[in-house]
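Here the numbering used here is used: the first residue of the sequence shown is 123, the next is one more, and so on. Before any comments, here is the structure.
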Amino acid sequence: MIERLRAELAAAADPLKAAGMQAYMKSATPYRGVNLPQVRAISRGVFDAMPATCDEWRETVLELWRGARYREERYAALMLARSKRHRDCLTPDSMPMLEEMVVTGAWWDYVDEIAGLAGDLLRKHPKQIRPRMRAWSTDVNMWKRRVSIICQLSFKRETDLELLYANIEPNLSDREFFIRKAIGWALRQYAWTDPKEVARYVRAHDSQLSGLSRREALKNILPRSRGKVTRRAAPGRKGGPASLNANH
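Pasting the structure below:
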């Protein structure tokens, strides 16, 4: 099955695109030059024929991830990890798999998608996953800390604010771009739900938040209204496996 996926990705390859994609992502791993909708279509066609057992699902995700020769193969692994057909396979027992992918992926395009998977688990199994996210928020690995901060991006009114703030707090002084950006992104997303609370949090932590985190947090709150806050109109939602949006 994995060889079939590789063969179909090779057949769809565009070497001219590949160089630009690799440069944009600053990736040591080469690209085939296959755009994401094509990767998704190829992956769906291959994985639809895959046996549905959870053990085989996990083994295939990890085999594809670990043995990836091109970046699109890891995107396909992420798509399989998030497939609706295998949604019941994603359980708290999947956390070691996600942790391995975060640590070995170690770049925003992978990690942000894995954060979505961690968020799915947090929503379904808060008692098991909440302590894991708390532990990740102080981990030596920057990418695990990022996941702990952005794993609730899609939660809206279900956001566990206590957890969000607890995971932000030990990272407020971190000067790493991807952490500062994550803090601002998480707050900005919650501002669509409760702009007044985000403005309050920013005021309360003004001396601790970096300029980047502050700007990102307040981006969707009208400047004249940051005392009594109103929101800008929400944009159309971007997302999906390996969506590579510009929020990193």
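Cβ atoms here follow ideal geometry from the backbone N, Cα and C, with glycine treated the same way.
Taking 7 Å as the cut-off, the Cβ atoms of Y312 and T281 count as close. Using a Cβ distance threshold of 7 Å, V262 and A237 do not count as a contacting pair. Distance between V183 and S149, taken at the CA atoms: about 21 Å. In the three-state reduction of the DSSP assignment, G306 falls in the helix class.
The Cβ atoms of T315 and R337 lie no closer than 7 Å to each other. Given a length threshold of 4 residues, each whole run of the alpha helix (DSSP H) inside the stretch 225 to 249 is given here in chain order: 230 to 246. The DSSP-derived three-state label of W265 is helix. Under the three-state reduction of DSSP, D177 is assigned to helix. Restricting attention to P152, E125 and V320, the CA atom closest to the CA of E185 is found in E125. A check of alpha carbon separations from K206 across W179, L283 and E194 identifies W179 as the nearest. The beta-carbon distance between P317 and I343, rounded to whole angstroms, is 5 Å. This is short enough to meet the 8 Å contact definition. Of the candidates T226, E319, R128 and G333, G333 places its Cα closest to the Cα of A304. Looking from the CA of L275, the closest CA among R188, M264, D234 and E284 belongs to D234. Under the three-state reduction of DSSP output, N293 falls in the helix class. Around S295, the same chain offers no residue with a beta carbon nearer than 6 Å, after the five sequence neighbours per side are excluded.
Counting along the chain, P159 sits inside the alpha helix (DSSP H) bounded by residues L158 to F169. For the pair R209 and K341, the Cα-to-Cα distance works out to about 34 Å. Note on G167: under 16 other CB atoms within 10 angstroms of its CB, so exposed under the neighbour-count rule.
The three-state secondary structure of C273, taken from DSSP, is coil. In the three-state reduction of the DSSP assignment, Y153 falls in the coil class, being assigned neither a helical nor a strand state.
Within a 10 Å sphere around the beta-carbon of V225 sit fewer than 16 other beta-carbons, which makes this residue exposed. Taking a C-beta distance under 7 Å as the contact criterion, E222 and M264 do not qualify as a contact pair. Between L243 and the set L212, M219 and Y232, the nearest pair of CA atoms involves L212.
In the same chain as D328, and ignoring 5 residues on each side of it, no C-beta atom comes closer than 6 Å to its own.
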